[in-house]
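Single-structure report; data block below.
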Amino acid sequence: MITFDLHCHSTYSDGTLPPEALIARAAQRGVSVLALTDHDDTGGLAAARAATRRFPLRLIDGVEISVTWRGHTIHIVGLGIDPGNAALQAGLAATRGGRLARAEKIIAAFAALGIAGSGEGARQFAANPHMIGRTHFARFLVKQGVVKDISSAFKRFLGGSQPCFVAHDWASLADAVSWINASGGVAVIAHPGRYPLDTAQMRELLTEFRDLGGAALEVVSSSHKPHQYARFAAYAREFGLMASIGSDFHSPAESFHDLGSLPALPADCRPVWELLTN
Ligand code: AMP
Ligand code: MN
Ligand code: MN
Ligand code: MN
Numbered sequence: 012m013i014t015f016d017l018h019c020h021s022t023y024s025d026g027t028l029p030p031e032a033l034i035a036r037a038a039q040r041g042v043s044v045l046a047l048t049d050h051d052d053t054g055g056l057a058a059a060r061a062a063t064r065r066f067p068l069r070l071i072d073g074v075e076i077s078v079t080w081r082g083h084t085i086h087i088v089g090l091g092i093d094p095g096n097a098a099l100q101a102g103l104a105a106t107r108g109g110r111l112a113r114a115e116k117i118i119a120a121f122a123a124l125g126i127a128g129s130g131e132g133a134r135q136f137a138a139n140p141h142m143i144g145r146t147h148f149a150r151f152l153v154k155q156g157v158v159k160d161i162s163s164a165f166k167r168f169l170g171g172s173q174p175c176f177v178a179h180d181w182a183s184l185a186d187a188v189s190w191i192n193a194s195g196g197v198a199v200i201a202h203p204g205r206y207p208l209d210t211a212q213m214r215e216l217l218t219e220f221r222d223l224g225g226a227a228l229e230v231v232s233s234s235h236k237p238h239q240y241a242r243f244a245a246y247a248r249e250f251g252l253m254a255s256i257g258s259d260f261h262s263p264a265e266s267f268h269d270l271g272s273l274p275a276l277p278a279d280c281r282p283v284w285e286l287l288t289n
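No gaps in the numbering here: position 64 of the sequence shown is 75 in the working numbering, and each next residue is one more.
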C-alpha cells in the first residue's frame with residue numbers, strides 16, 4: 012500500500028520539527044509520498060530533499076499560500092512546484108512581507124491586554140524570522156501558562172473574532188494559483204471544511220478556483236470530520252477537481268493527527284497524485 016500525505020509543516024513555518032526530522036518521522040510512520048507545504052516559504056525543501064536520500068520516501072516540493080478571498084483567509088497548497096521559479100518566489104516574498112507589520116499589531120493587542128513580551132516570546136519559537144505567525148504567539152502563551160494548550164490560545168486570543176486577531180490582506184486567489192501554475196505545480200484548496208462559507212459561497216469559491224486553473228480539493232484533511240470527506244469528494248466530482256489528502260501535521264506535541272495517519276481517499280475520487288509526475 013502506498014501512503015500519501017501531501018500537507019505538513021516544518022520549522023521553516025509553524026511546525027516544530029526541522030525538515031530532516033520531519034522526513035525521518037514520515038518514513039518511520041510508513042509514509043511513501045510526502046509533500047512539505049510550509050506557509051508562504053519554500054526554504055525547507057532543500058534540506059528535506061537531502062534527507063530523503065536516507066529513507067524510502069518520495070518528496071513532493073510544496074507550499075501553502077495564504078490568500079484573502081472576499082474577506083476570508085483561504086489556504087492554497089501548491090504541489091510539485093519548482094522552488095527555483097522566480098515568479099513563485101517573488102509572490103511568496105510579497106506574501107510573507109506583510110507578516111512583520113502584522114506581528115507588531117498582534118504584539119500591541121497583547122500589550123493592551125496586559126500581556127507583555129509577546130514579540131520576543133513569539134520570536135523564540137519562530138526559527139524562520141520571515142515566517143512569524145499566530146502559532147508562534149500561541150506557543151508563547153502556552154509557555155507563559157496563560158493558556159493550557161494551543162487550541163485555547165486560538166479560542167481566547169488569536170482566532171477570528173478574538174481580541175488579538177489582526178485582519179490581514181494576503182495574496183489574491185488569482186495570484187496564488189498563477190504563481191503555483193507558473194512554477195509547474197498544481198493548486199489545491201486546503202482544508203475546505205474549515206472556512207466559514209455557506210453553500211452558495213463555497214460553490215462560488217470552487218467555480219472561481221477552477222476557472223483560474225486550480226486543480227484539486229483537499230478532501231481528506233485532519234481538519235475534516237469523516238462525514239466531510241464524502242461532502243468534499245462530491246464537490247470535487249461536480250467541479251471536475253482532483254482530490255488530495257493531507258494531515259496538516261505541525262508538531263508531535265500539538266497535532267492530533269500524525270503524519271500518514273489519515274484514511275484513504277473515497278473510492279470515487281480522482282487522486283491529485285496522478286498529476287504529480289516529477
Ligand atoms: P497565520 O498564517 O499566522 O494566520 O497562522 C495560521 C496557522 O495557525 C494555521 O496554519 C494553523 O497552524 C494555526 N491555527 C489556526 N487556527 C487554529 C486553531 N483553532 N487551533 C490551532 N491552530 C490553529
Ligand atoms: Mn500552520
Ligand atoms: Mn492551512
Ligand atoms: Mn497547513
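Glycine included, every Cβ here is placed at the ideal spot set by N, Cα and C.
- Starting from the N-terminal side, write out each stretch of the beta strand (DSSP E) that is 3 residues or longer and does not extend beyond the region 57 to 102. 69 to 80, 83 to 90
Can you name the residues that DSSP bridges to Phe-15?
-> Looking up residue 15 in the sequence shown gives position 4. DSSP output for Phe-15 lists Val-44 as bridge partner(s).
Rounded to whole angstroms, what is the Cα-Cα separation between Ala-61 and Gly-125? Position 50 of the sequence shown, counting from 1, holds the residue named residue 61. Position 114 of the sequence shown, counting from 1, holds the residue named residue 125. Taking the straight line from one Cα to the other gives about 45 Å.
Mark Asp-104 as exposed unless 16 or more other C-beta atoms lie within 10 angstroms of its C-beta, in which case mark it buried. The count along the sequence shown starts at 1 and reaches residue 104 at position 93. With the sequence shown as reference, residue 104 is identified as Ala, and Asp is not the correct amino acid for it. Exposed, since its Cβ has fewer than 16 Cβ neighbours within 10 Å.
Identify the residues that DSSP records as bridge partners of Met-253: which are they? By one-based count along the sequence shown, residue 253 stands at place 242. Met-253 pairs with Ala-227.
**Report entry** DSSP beta-bridge partners of Val-197
**Finding:** For the purposes of this step, residue 197 is taken as residue 186 along the sequence shown, with counting starting at 1. Answer is Leu-90, bridged to Val-197.
- Would you check whether ligand 4 has a heavy atom nearer than 6 Å to the C-beta of Asp-259? Walking along the sequence shown from the start, residue 259 turns up at place 248. Within the cutoff, so yes.
Original post:
Per DSSP, what kind of secondary structure is Pro-203 in: helix, strand or coil?
Top reply: Along the sequence shown, read from residue 1 onward, the residue named residue 203 stands at position 192. Reduced to three states, the DSSP call for Pro-203 is helix.
Sheet register partners of His-50 (DSSP bridge): Taking the sequence shown and counting its residues from 1, one reaches residue 50 at position 39. Looking at the DSSP assignment, His-50 forms a beta bridge with Glu-75.
Checklist entry - What residue range is occupied by the uninterrupted alpha helix (DSSP H) comprising Ala-37? => result What you label residue 37 is simply residue 26 of the sequence shown in a count that begins at 1. 30 to 39 is the extent of the alpha helix (DSSP H) around Ala-37.
- Which whole-angstrom value describes the C-beta separation of Val-197 and Leu-99, a residue pair presumed to lie in contact below a C-beta threshold of 8 Å? The residue labelled residue 197 in the question sits at position 186 within the sequence shown. The residue labelled residue 99 in the question sits at position 88 within the sequence shown. Going by Cβ atoms, the distance from Val-197 to Leu-99 rounds to 13 Å, so no, they are not a contact pair.
- Message: Assuming the contact rule is C-beta atoms closer than 8 Å, His-235 and His-261 should be a hit. Round their C-beta distance to whole Å, please.
- Response: In the sequence shown, the residue the question calls residue 235 occupies position 224. In the sequence shown, the residue the question calls residue 261 occupies position 250. Not a contact, Cβ separation roughly 16 Å.
Inter-stretch contact (C-beta, 8 Å, three-pair minimum) for the region 165 to 177 and the region 51 to 68: no
request  = Determine the contact status of Ile-71 and Leu-90, defining contact as a CB-CB distance below 7 Å.
outcome  = The residue labelled residue 71 in the question sits at position 60 within the sequence shown. The residue labelled residue 90 in the question sits at position 79 within the sequence shown. Taking 7 Å as the Cβ cut-off, Ile-71 and Leu-90 qualify as a contacting pair.
### Task
Compare the beta carbon distance of Ile-191 and Leu-228 with 7 Å and say whether it is the shorter of the two.
Translated into the one-based positions of the sequence shown, residue 191 becomes position 180. Translated into the one-based positions of the sequence shown, residue 228 becomes position 217. By the CB criterion at 7 Å, Ile-191 and Leu-228 fall outside the cutoff.
Does the distance from the C-beta atom of Ile-143 to that of Ala-114 stay below 7 Å? Counting from one through the sequence shown, the residue named residue 143 turns up at place 132. Counting from one through the sequence shown, the residue named residue 114 turns up at place 103. Closer than 7 Å, so yes.
What are the boundary residues of the alpha helix (DSSP H) that His-147 is part of? Along the sequence shown, read from residue 1 onward, the residue named residue 147 stands at position 136. Going by DSSP, His-147 is part of the alpha helix (DSSP H) stretching over 145 to 155.
*Near Val-157, which residues of its chain fall below 7 Å by C-beta distance, leaving aside the five closest residues on each side in sequence?*
Here residue 157 refers to the residue found at position 146 when the sequence shown is read from its first residue. When the five nearest sequence neighbours on each side are left out, the beta carbons in the same chain lying within less than 7 Å of the beta carbon of Val-157 are those of Ile-126, in order along the chain.
Worksheet entry | Contact shell at 6 Å, judged by CB to any heavy atom of ligand 1, ordered along the chain | Spelled out in chain order, the answer is Asp-25, His-50, Ser-77, Gly-144, Arg-145, Thr-146, Ile-161, Ser-162, Phe-165, Gly-170, His-261.
Apart from the five residues just before and just after Asp-239, which ones in its own chain have a Cβ nearer than 6 Å to its Cβ? Looking up residue 239 in the sequence shown gives position 228. According to the sequence shown, residue 239 is Gln rather than Asp. Answer for Gln-239: Gly-204, listed in chain order.
* Hey, quick one: how far does the alpha helix (DSSP H) through Lys-116 stretch, first residue to last? -> Residue 116 sits at position 105 when you count from the first residue of the sequence shown. 110 to 123 is the span of the alpha helix (DSSP H), which, as asked, contains Lys-116.
*Should the region 147 to 161 be called in touch with the region 32 to 43, which here means at least 3 C-beta pairs below 8 Å?*
no
- Examine ligand 4 and report whether any of its heavy atoms sits within less than 6 Å of the Cβ of Glu-75. For the purposes of this step, residue 75 is taken as residue 64 along the sequence shown, with counting starting at 1. True, at least one ligand heavy atom lies under 6 Å from that Cβ.
Assumed close pair Val-188, Gly-225 - CB separation to whole angstroms, cut-off 8 Å: On the sequence shown, residue 188 is found 177 positions in, with the first residue counted as 1. On the sequence shown, residue 225 is found 214 positions in, with the first residue counted as 1. About 5 Å; that satisfies the 8 Å criterion.
Just verifying my parser: in three-state terms, what is the DSSP assignment at Ser-189? Within the sequence shown, residue 189 is the residue found at index 178, counting from 1. Residue state, collapsed to three classes: helix.
Check: Is any heavy atom in ligand 3 found nearer than 6 Å to the beta carbon of Ile-86?
Finding: Counting from one through the sequence shown, the residue named residue 86 turns up at place 75. Looking at the sequence shown, residue 86 is not Ile but His. His-86: yes, Cβ under 6 Å from ligand 3.
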